[in-house]
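Residue numbers (the working numbering), protein chains in the order written: chain A, 1 to 320; chain B, 321 to 440.
Ideal Cβ positions, reconstructed from N, Cα and C, are used throughout, including at glycine.
Following: one structure in structure tokens, then a few remarks.
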Amino acid sequence: MRVLIADDDPIAAEVLVRTLVPETFDVQVARDGGEALRVLQQPDAPSLAILDWMVVGDVTRLRQVLLNLIANAIKFTREGSVTVSIETEQAVRADLVNLHIAVKDTGIGIPRDKLNRLFEAFSQVDSSTTREFGGTGLGLAISKRLAEAMGGGISVESAPGLGSTFHVRITVRASADQPAREPAPQRTATPVEAPLRILLADDNLINQQVGVALLAQLGYAADVVSNGAEVLQAVESRSYDVVLLDVQMPVMDGYEASRRIRAAWAAREPSRPRLIAMTANARTADRERCVEAGMDDFLAKPLDINLLRAKLDAKATAGS
Amino acid sequence: MNTPISAERFDISDMRRRLGANDALIADLLRMFLDSYRAQVSAIKTAVETHELDAIRRGAHTFKGTAANLSFPRVMEASALLEEAAERGETAELDGLFARLVREVDDLVAEIGDEPARRL
Numbered sequence: 001m002r003v004l005i006a007d008d009d010p011i012a013a014e015v016l017v018r019t020l021v022p023e024t025f026d027v028q029v030a031r032d033g034g035e036a037l038r039v040l041q042q043p044d045a046p047s048l049a050i051l052d053w054m055v056v057g058d059v060t061r062l063r064q065v066l067l068n069l070i071a072n073a074i075k076f077t078r079e080g081s082v083t084v085s086i087e088t089e090q091a092v093r094a095d096l097v098n099l100h101i102a103v104k105d106t107g108i109g110i111p112r113d114k115l116n117r118l119f120e121a122f123s124q125v126d127s128s129t130t131r132e133f134g135g136t137g138l139g140l141a142i143s144k145r146l147a148e149a150m151g152g153g154i155s156v157e158s159a160p161g162l163g164s165t166f167h168v169r170i171t172v173r174a175s176a177d178q179p180a181r182e183p184a185p186q187r188t189a190t191p192v193e194a195p196l197r198i199l200l201a202d203d204n205l206i207n208q209q210v211g212v213a214l215l216a217q218l219g220y221a222a223d224v225v226s227n228g229a230e231v232l233q234a235v236e237s238r239s240y241d242v243v244l245l246d247v248q249m250p251v252m253d254g255y256e257a258s259r260r261i262r263a264a265w266a267a268r269e270p271s272r273p274r275l276i277a278m279t280a281n282a283r284t285a286d287r288e289r290c291v292e293a294g295m296d297d298f299l300a301k302p303l304d305i306n307l308l309r310a311k312l313d314a315k316a317t318a319g320s
Numbered sequence: 321m322n323t324p325i326s327a328e329r330f331d332i333s334d335m336r337r338r339l340g341a342n343d344a345l346i347a348d349l350l351r352m353f354l355d356s357y358r359a360q361v362s363a364i365k366t367a368v369e370t371h372e373l374d375a376i377r378r379g380a381h382t383f384k385g386t387a388a389n390l391s392f393p394r395v396m397e398a399s400a401l402l403e404e405a406a407e408r409g410e411t412a413e414l415d416g417l418f419a420r421l422v423r424e425v426d427d428l429v430a431e432i433g434d435e436p437a438r439r440l
């Protein structure tokens with residue numbers, strides 16, 4: 001499958017390129033066995049530096065929304081293509097720009113009567129879709145919440161057998177004559193001063209969903225894997241600030257994964273991801289076992305949003 | 321009017337505290353549990369019938385984690401007892417503990433009902 005980012009608009013191309021390439025997208029496409037991302041037109045004109053005007057947390061959110069939509073499009077498109085395009089237009093106010101991003105696929109499409117439930121968490125078109133394509137439908141629900149948190153929205157148009165197009169519309173601040181950074185505007189949502197790149201490892205599907213949903217509420221996007229071996233693959237292919245590790249997982253547990261990460265990063269310790277154990281066992285012996293394996297911190301299971309926020313805030317501050 | 325669910329079966333206030341008072345998310349997770357618990361219980365049942373201790377232990381452990389995350393104290397306890405018995409190799413207890421887990425799950429599901437959002 002070929003994934004194209006098509007755009008003639010240098011501003012738009014810059015947003016896409018800086019949002020998605022390379023950290024999010026290469027990994028996702030490679031994982032799905034597709035070709036690497038191709039950018040049709042490199043930005044060469046002076047840019048309006050839209051991203052410099054977006055709140056840091058918004059860039060993270062936008063990236064997560066696009067990742068979810070593109071991953072979804074790839075998943076449901078066996079043949080044909082996925083095309084991402086973006087348009088900008090001047091908003092009512094001179095310092096605002098409307099971004100309209102479209103993720104278009106030529107996949108299986110969605111029946112009309114299922115469209116209205118599509119953005120509800122855990123909705124799938126039907127159970128056979130779940131069996132064939134996997135996934136829980138959480139990605140679209142989270143994408144909708146994230147787009148709304150940015151003051152925008154998501155919509156979809158689709159026809160079974162022909163494909164689907166998801167539209168994301170958000171408004172960002174922009175200025176042609178003031179590309180320098182300005183103080184970020186005040187936000188009502190939880191501000192993320194230093195967005196952390198987070199990997200969540202848990203073999204229990206419901207625990208994964210709880211983890212992802214809590215992180216999304218805190219304004220963080222996360223990648224998710226199911227065992228220690230997948231953790232090792234992920235940390236080698238992409239850089240993370242924090243790895244949240246369930247200690248008991250099949251194939252390779254969290255202790256072993258931590259030992260191996262510690263060993264692999266021995267010569268480059270400052271860039272090593274922080275390792276936070278998630279364990280239901282709060283006994284001293286278990287904590288010592290985590291420390292021995294090289295973990296930096298613990299989180300009690302089941303997860304609690306306030307404890308999670310406190311641990312991540314500490315990491316964000318320490319890392320900046 | 322529905323009677324409130326007992327906190328021993330489903331501790332709503334604990335869940336709201338942990339998940340940031342997000343009832344929409346809680347309803348989603350409950351619905352996901354209702355969609356998936358039968359397959360998990362049936363996997364444990366097969367393991368109990370074939371006396372596969374390691375599979376029982378793993379299945380019960382996973383179910384315990386799910387129950388903990390969803391604030392189901394009694395199901396969590398029943399899962400933990402089954403997990404521990406399998407770990408210790410106490411085969412004589414497995415049938416009884418599995419039956420207890422099934423009872424707890426059935427009671428819980430009956431209390432939650434088909435529309436979790438209406439019980440929040």
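Original post:
In whole angstroms, what is the alpha-carbon distance linking leucine 118 (chain A) and arginine 145 (chain A)?
Top reply: On the first sequence, position 118 is the one that residue 118 (chain A) refers to. On the first sequence, position 145 is the one that residue 145 (chain A) refers to. One C-alpha to the other measures close to 13 Å.
Subject >> CB of serine 158 (chain A) within 7 Å of CB of histidine 167 (chain A), strictly >> reply: Here the question's residue 158 (chain A) lines up with position 158 in the first sequence. Here the question's residue 167 (chain A) lines up with position 167 in the first sequence. No; because the gap between Cβ atoms is not below 7 Å, this pair is not in contact.
Original post:
Among B:Leu414, B:Glu397 and B:Leu417, which has the Cα closest to the Cα of arginine 329 (chain B)?
Top reply: As a first step, residue 329 (chain B) must be located in the second sequence, where it is residue number 9. Residue B:Glu397 is the option with its Cα nearest to arginine 329 (chain B).
**OP:** Please go through the same chain and pick out, in chain order, the residues whose beta-carbon is closer than 6 Å to the beta-carbon of proline 324 (chain B), but skip the five residues on each side of it.
**Re:** If you number the second sequence from 1, residue 324 (chain B) lands on position 4. Counting only Cβ-Cβ distances below 6 Å, and skipping sequence neighbours, we find nothing.
Original post:
Measuring CB to CB, does valine 210 (chain A) end up less than 7 Å from asparagine 389 (chain B)?
Top reply: Counting from one through the first sequence, the residue named residue 210 (chain A) turns up at place 210. Counting from one through the second sequence, the residue named residue 389 (chain B) turns up at place 69. Against a cut-off of 7 Å, the Cβ pair of asparagine 389 (chain B) and valine 210 (chain A) comes out as a contact.
Subject >> Cα-Cα separation, tyrosine 357 (chain B) to glutamine 248 (chain A) >> reply: As a position in the second sequence, residue 357 (chain B) is number 37, starting the count at 1. As a position in the first sequence, residue 248 (chain A) is number 248, starting the count at 1. In a straight line, the C-alpha of tyrosine 357 (chain B) is about 20 Å away from that of glutamine 248 (chain A).
**OP:** Could you check if asparagine 306 (chain A) is buried or exposed, using at least 16 other CB atoms within 10 Å of its CB as the buried criterion?
**Re:** If you number the first sequence from 1, residue 306 (chain A) lands on position 306. Classification of asparagine 306 (chain A): exposed, given that the 10 Å Cβ count is below 16.
Original post:
Using CA coordinates, which residue listed in A:Pro302, A:Lys315 and A:Asp313 is at the minimum distance from aspartate 334 (chain B)?
Top reply: Stepping through the second sequence from its first residue, residue 334 (chain B) is reached at position 14. Looking at the Cα atoms, A:Pro302 is the closest of the given residues.
Original post:
Which residue comes first and which comes last in the alpha helix (DSSP H) that contains leucine 349 (chain B)?
Top reply: In the second sequence, residue 349 (chain B) corresponds to position 29, counting from 1. Run containing leucine 349 (chain B): 343–369, per the alpha helix (DSSP H) assignment.
Original post:
Taking 7 Å as the CB-CB cut-off, is asparagine 207 (chain A) touching chain B?
Top reply: The residue given as residue 207 (chain A) occupies position 207 in the first sequence. With 7 Å as the cut-off, asparagine 207 (chain A) counts as an interface residue toward chain B.
Original post:
Looking only at C-alpha atoms, which of A:Ala222, A:Leu200, A:Ser164 and A:Thr106 sits nearest to leucine 62 (chain A)?
Top reply: In the first sequence, counting from the first residue as 1, residue 62 (chain A) sits at position 62. Of A:Ala222, A:Leu200, A:Ser164 and A:Thr106, the residue nearest in Cα terms is A:Ala222.
Subject >> N-terminal and C-terminal residue of the beta strand (DSSP E) that threonine 279 (chain A) is part of >> reply: Numbered from 1 along the first sequence, position 279 holds the residue referred to as residue 279 (chain A). It spans 274–279 - the beta strand (DSSP E) in which threonine 279 (chain A) sits, taken as one unbroken run.
Original post:
Mind pulling the chain A residues with CB within less than 8 Å of leucine 414 (chain B)?
Top reply: One-based indexing of the second sequence puts residue 414 (chain B) at position 94. Those do not exist, as leucine 414 (chain B) stays about 20 Å from chain A at its closest Cβ, beyond 8 Å.
Original post:
Does the beta carbon of isoleucine 305 (chain A) sit closer than 7 Å to a beta carbon anywhere in chain B?
Top reply: For the purposes of this step, residue 305 (chain A) is identified with residue 305 of the first sequence, where counting begins at 1. Answer yes: the Cβ-Cβ gap between isoleucine 305 (chain A) and chain B drops below 7 Å somewhere.
Original post:
Hey, leucine 421 (chain B) and leucine 402 (chain B): beta-carbon distance below 7 Å or not?
Top reply: Within the second sequence, residue 421 (chain B) is the residue found at index 101, counting from 1. Within the second sequence, residue 402 (chain B) is the residue found at index 82, counting from 1. Yes; because the gap between Cβ atoms is below 7 Å, this pair is in contact.
Original post:
Within 7 Å (strictly less), CB to CB, does leucine 354 (chain B) reach chain A?
Top reply: The residue labelled residue 354 (chain B) in the question sits at position 34 within the second sequence. Judged by the 7 Å Cβ criterion, leucine 354 (chain B) is not in contact with chain A.
Subject >> Burial state of aspartate 202 (chain A), where buried means 16 or more other Cβ atoms lie within 10 Å >> reply: Along the first sequence, one-based indexing puts residue 202 (chain A) at 202. It is buried - the Cβ of aspartate 202 (chain A) has at least 16 other Cβ atoms within 10 Å.
**OP:** Give a yes or no on whether 7 Å exceeds the smallest Cβ distance from leucine 402 (chain B) to chain A.
**Re:** By one-based count along the second sequence, residue 402 (chain B) stands at place 82. No, leucine 402 (chain B) lies away from the interface with chain A (no Cβ there is under 7 Å from its Cβ).
**OP:** Identify the contact partners of asparagine 204 (chain A) in chain B, using a Cβ-Cβ distance below 7 Å as the criterion.
**Re:** Locating residue 204 (chain A) in the first sequence gives position 204, counting from the first residue. Thr382, Gly385 and Thr386, listed in chain order.
Original post:
What does arginine 338 (chain B) reach in chain A if we use C-beta pairs closer than 7 Å?
Top reply: On the second sequence, position 18 is the one that residue 338 (chain B) refers to. Per Cβ cutoff of 7 Å: Pro302, Leu303, Asp304 and Ile305.
**OP:** Just the C-alpha distance for proline 195 (chain A) and leucine 308 (chain A), rounded to the nearest angstrom, thanks.
**Re:** Sequence index remark: in the first sequence, residue 195 (chain A) carries index 195 (1-based). Sequence index remark: in the first sequence, residue 308 (chain A) carries index 308 (1-based). Going by the C-alpha atoms only, they are around 15 Å apart.
Subject >> Three-way DSSP call (helix, strand, coil) for phenylalanine 392 (chain B) in this model >> reply: In the second sequence, the residue the question calls residue 392 (chain B) occupies position 72. In this structure, phenylalanine 392 (chain B) counts as coil in the three-state DSSP scheme.
Original post:
Do you know how far the Cα of leucine 349 (chain B) is from the Cα of aspartate 241 (chain A)?
Top reply: Numbered from 1 along the first sequence, position 241 holds the residue referred to as residue 241 (chain A). Numbered from 1 along the second sequence, position 29 holds the residue referred to as residue 349 (chain B). So the two alpha carbons sit approximately 28 Å from each other.
**OP:** Put glutamate 87 (chain A) into one of helix, strand or coil per three-state DSSP.
**Re:** Here residue 87 (chain A) refers to the residue found at position 87 of the first sequence. Three-state result, glutamate 87 (chain A): strand.
Original post:
So, using beta-carbon positions, are alanine 437 (chain B) and alanine 347 (chain B) closer together than 7 Å?
Top reply: The sequence position of residue 437 (chain B) within the second sequence is 117, counting from 1. The sequence position of residue 347 (chain B) within the second sequence is 27, counting from 1. Closer than 7 Å, so yes.
**OP:** Measuring alpha carbon to alpha carbon, tell me which of A:Ala71, A:Leu244 and A:Asp253 ends up nearest asparagine 227 (chain A).
**Re:** As a position in the first sequence, residue 227 (chain A) is number 227, starting the count at 1. Selected option, being the one with the closest Cα: A:Asp253.
Original post:
Residues in its own chain within less than 8 Å of histidine 371 (chain B) by CB, not counting five upstream and five downstream?
Top reply: The count along the second sequence starts at 1 and reaches residue 371 (chain B) at position 51. Hits under 8 Å: Thr411 and Leu414.
Original post:
With C-beta atoms as the reference, is leucine 345 (chain B) less than 7 Å away from leucine 339 (chain B)?
Top reply: Numbered from its first residue, the second sequence carries residue 345 (chain B) at position 25. Numbered from its first residue, the second sequence carries residue 339 (chain B) at position 19. Yes, they are a contact pair.
Subject >> Distance between arginine 377 (chain B) and alanine 338 (chain A) (C-alpha atoms, nearest Å) >> reply: A question about residue 338 (chain A) goes unanswered here, because the residues of chain A that appear run from 1 up to 320.
Subject >> Beta-carbon gap between valine 224 (chain A) and leucine 205 (chain A) smaller than 7 Å >> reply: Taking the first sequence and counting its residues from 1, the one referred to as residue 224 (chain A) is at position 224. Taking the first sequence and counting its residues from 1, the one referred to as residue 205 (chain A) is at position 205. Not closer than 7 Å, so no.
Original post:
According to DSSP, what are the bridge partners of aspartate 202 (chain A)?
Top reply: Mapped onto the first sequence, residue 202 (chain A) falls at position 202. None; aspartate 202 (chain A) has no bridge partner.
Subject >> Length of the line joining the Cα atoms of asparagine 72 (chain A) and threonine 284 (chain A) >> reply: The residue labelled residue 72 (chain A) in the question sits at position 72 within the first sequence. The residue labelled residue 284 (chain A) in the question sits at position 284 within the first sequence. Rounded to the nearest angstrom, the two C-alpha atoms are 43 Å apart.
**OP:** Using a cut-off of 7 Å between C-beta atoms, extract the partners of glutamine 64 (chain A) located in chain B.
**Re:** Looking up residue 64 (chain A) in the first sequence gives position 64. The premise fails here: glutamine 64 (chain A) is roughly 17 Å from chain B at the closest Cβ pair, so nothing lies under 7 Å.
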